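J.:
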Amino acid sequence: MGKNGLLSKPNIFLLLLFFPGNSSPTTEPQYMVLLPFLIHTDSPEKVCVQLTHLNESVTLRATLEYQGENRSLIDDVVSEKDVFTCIPFSLPKSNSTSVTFLTVTVKGKTLQFKSRKSVLVKNPESLVFVQTDKPIYKPGQTVLFRIVSLDKDFRPLNEKVDP
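See the structure below:
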């Protein structure tokens, strides 16, 4: 498990790196964006941004283009030299699996970084298990069973227990 629960889900992460110019990447301003490659709807997700070696205040913007609208994830002024932040968000269910775009912009008086990447948005899937009290029944016997729906992390979707 990572900081802020970042790696609590078994997702593949998309990593965006930016090293401006042909200068040494350890002294020039740079940024990194980390987000899941596959985003599930109605589920808490996070996008994380790291800015390093800043020499001026910048405006940090992250926008997600989803279902024809732009959703602002962050729009802040950053004045620290180094910053790491994670922004939680969730997306509503859609009628189908779709590709959406994340745009990250870092803009200052002399600095300007911009990156636009695509990610996949998908409704969560569930697994349904039906369990019986016996593997084989004789004619006329009462069948006792239970049904359990699990999410992609194998957690129950509904923890209601009926007697």
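Position in the sequence shown (first residue = 1) + 907 = the numbering used here.
Don't be surprised by glycine CBs; every beta carbon is placed ideally from N, CA and C.
Every value quoted in this text rests on a predicted model; they were computed, and no experiment measured them.
(1) Which same chain residues end up closer than 6 angstroms to Thr1012 when comparing Cβ atoms and leaving out the 5 residues on each side of it in sequence?
(2) Do you know offhand how far Asp989's Cα is from Met939's?
(3) Count Cβ pairs between the region 940–956 and the region 1027–1036 that sit closer than 8 angstroms; are there 3 or more?
(4) Does the Cβ of Tyr973 have 16 or more other Cβ atoms within 10 Å, making it buried, or fewer, making it exposed?
(5) Gly928 by DSSP, collapsed to three states: which one?
(6) Here's the rule: buried if 16 or more other CB atoms are within 10 angstroms of the residue's CB, otherwise exposed. What is Pro999?
(7) CA-CA distance, Cys955 and Phe944?
(8) By alpha-carbon positions, which one of Val1035, Thr970 and Leu958 ends up nearest to Phe1008?
(9) Taking the CB atoms as reference points, tell me whether Val1006 and Leu942 lie closer together than 8 angstroms.
(10) Classify Val1035: buried if its beta carbon has 16 or more other beta carbons within 10 angstroms, exposed otherwise.
(11) Tell me the start and end of each unbroken beta strand (DSSP E) in the region 1008–1053 that is at least 3 residues and wholly inside, in chain order.
(12) What residue range does the beta strand (DSSP E) around Thr970 cover?
T.: In short:
(1) Once the five neighbours on either side are set aside, the close Cβ partners of Thr1012 are Arg968 and Lys1021.
(2) Cα to Cα, Asp989 sits roughly 12 angstroms from Met939.
(3) yes
(4) buried
(5) No answer about Gly928 holds up, because its pLDDT of 48 lies below 50 and its placement is not dependable.
(6) exposed
(7) 13 angstroms
(8) Thr970
(9) In this structure, Leu942 does not lie closer than 8 angstroms to Val1006 by Cβ.
(10) exposed
(11) 1019–1029 and 1034–1039
(12) Val965 to Tyr973
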